[in-house]
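Residue numbers (the numbering used here), protein chains in the order written: chain L, 154 to 267; chain S, 403 to 517.
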C-alpha cells in the first residue's frame, strides 16, 4: 500500500536560515507522482510542485528546491533564506494508478521567527 | 476562472442532522475529490469521481454519499451527522493528459462542527 511519512512534526527556524522538510514515500508502483502543498494559516492548500517517478531531476524555483531520490524513496523540500511568510504547514503527497487519488503525509508545521 | 468553489464556508450541525456540501469547478476537469482534514492531520480521501456518473469510495467513506451528474458539480452529502464528522472538508479537481496526471486544485474548504 502507498504511504507518505513526514517525520518532522514541527520545525522552528530564525528568518534567513535554510530549512529542509523531509518526505519518505512507500509504493509498489513504477509510475507515480509526488507533490508538495503549502497550507498557510488562512487554511487554503497551495500547490508547490509535482514530480513524475521517471523524472529524477532536482528542481529549483526561487528560494525553493526539491531533491527527488528514488534510491531512498525520498522527496525532500528545502527553503533557502527562510522568511516569516514561509510559516505554514507543508504536506507531501503521492498518487499512482489511474485515478489521481492523493495520499498525504501528516504534514510539517514550519515556524519562521523574525 | 473561479477555480474550485465550495459552499458553505462554515456550518454547525446538530447530531443526527443532514446536509450537503457543494463543490463546483469551472476548469472542465474530469477528476474530482472530497477530502477531510482533522486537526493536526493530513487530508484523507472520502470519495472521488473520474467523470460524470462515475464515483467511488476513498479511504474514509462511511457516513457520506456523493453524486456526479455533471462535470462541474460534485456535492457531498452527510446523513445523520455525528461528532466524528467534525472536520474541514476540501473539494479538489484535476485532469489527465497523455496518460499523465496533474496537480489537484483545491477549494477553500468547509469547516463543519457537529455538536
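The beta-carbon is built from N, C-alpha and C at its ideal position, and this holds for glycine as well.
By alpha-carbon positions, which one of the options ends up nearest to residue i?
{"i": "residue 209 of chain L", "options": "L/219, L/240 and L/231", "result": "L/219"}
{"i": "residue 426 of chain S", "options": "S/499, S/516 and S/478", "result": "S/478"}
{"i": "residue 451 of chain S", "options": "S/418, S/490, S/496 and S/428", "result": "S/496"}
{"i": "residue 211 of chain L", "options": "L/175, L/230, L/161 and L/157", "result": "L/230"}
{"i": "residue 189 of chain L", "options": "L/167, L/261 and L/215", "result": "L/261"}
{"i": "residue 438 of chain S", "options": "S/517, S/498 and S/511", "result": "S/511"}
{"i": "residue 245 of chain L", "options": "S/473, S/475 and S/445", "result": "S/445"}
{"i": "residue 442 of chain S", "options": "L/162, L/235, L/252 and L/251", "result": "L/162"}
What distance in whole Å lies between the Cβ atoms of residue j and residue i, which are believed to be in contact at a cut-off of 8 Å?
{"i": "residue 165 of chain L", "j": "residue 264 of chain L", "result": "5 Å"}
{"i": "residue 447 of chain S", "j": "residue 488 of chain S", "result": "18 Å between Cβ atoms; not a contact."}
{"i": "residue 255 of chain L", "j": "residue 506 of chain S", "result": "6 Å"}
{"i": "residue 493 of chain S", "j": "residue 421 of chain S", "result": "Their Cβ separation, rounded to whole angstroms, is 14 Å, which puts residue 493 of chain S and residue 421 of chain S out of contact at 8 Å."}
{"i": "residue 470 of chain S", "j": "residue 455 of chain S", "result": "6 Å"}
Could one say the Cβ of residue i lies closer than 8 Å to chain L's Cβ atoms, at least one of them?
{"i": "residue 481 of chain S", "result": "no"}
{"i": "residue 505 of chain S", "result": "yes"}
{"i": "residue 491 of chain S", "result": "no"}
{"i": "residue 514 of chain S", "result": "no"}
{"i": "residue 485 of chain S", "result": "no"}
Should residue i be listed as close to the ligand ADP, given that the test is whether its C-beta is under 7 Å from any heavy atom?
{"i": "residue 439 of chain S", "result": "Annotation note on the ligand ADP: not contained in the displayed structure, which lists no ligands."}
Output needed for residue i: all residues of its chain with C-beta closer than 7 Å, excluding positions within five of it in sequence on either side, in chain order.
{"i": "residue 191 of chain L", "result": "199, 201, 241 and 243"}
{"i": "residue 179 of chain L", "result": "155, 156 and 226"}
{"i": "residue 158 of chain L", "result": "177 and 258"}
{"i": "residue 440 of chain S", "result": "489"}
{"i": "residue 466 of chain S", "result": "448, 449, 478, 479 and 480"}
Are the C-beta atoms of residue i and some chain A residue less than 8 Å apart?
{"i": "residue 455 of chain S", "result": "Given the protein chain composition of this structure (L and S), no chain A is represented."}
Is any beta-carbon of chain S found at less than 8 Å from that of residue i?
{"i": "residue 186 of chain L", "result": "yes"}
{"i": "residue 230 of chain L", "result": "no"}
{"i": "residue 221 of chain L", "result": "no"}
{"i": "residue 207 of chain L", "result": "no"}
{"i": "residue 174 of chain L", "result": "no"}
{"i": "residue 210 of chain L", "result": "no"}
{"i": "residue 203 of chain L", "result": "yes"}
{"i": "residue 197 of chain L", "result": "yes"}
What residues in its chain sit with their C-beta under 8 Å from that of residue i, if we drop five residues either side in the sequence?
{"i": "residue 223 of chain L", "result": "206 and 209"}
Excluding the five sequence neighbours on either side, which residues of its own chain have a C-beta within less than 6 Å of the C-beta of residue i, listed in chain order?
{"i": "residue 453 of chain S", "result": "432"}
{"i": "residue 468 of chain S", "result": "449, 457 and 478"}
Give, in chain order, every residue of the region 458-479 of chain S whose Cβ lies closer than 9 Å to some Cβ of chain L. 458, 460 and 461
What are the residues in the region 242-256 of chain L lying within 7 Å of chain S by C-beta distance? Taking 7 Å as the Cβ-Cβ cut-off, the region 242-256 of chain L approaches chain S at 244, 248, 252, 253, 254 and 255, given in chain order.
In chain order, what residues of the region 436-452 of chain S put their CB closer than 9 Å to some CB of chain L? 437, 439, 442, 443, 444, 445, 446, 447, 450 and 452
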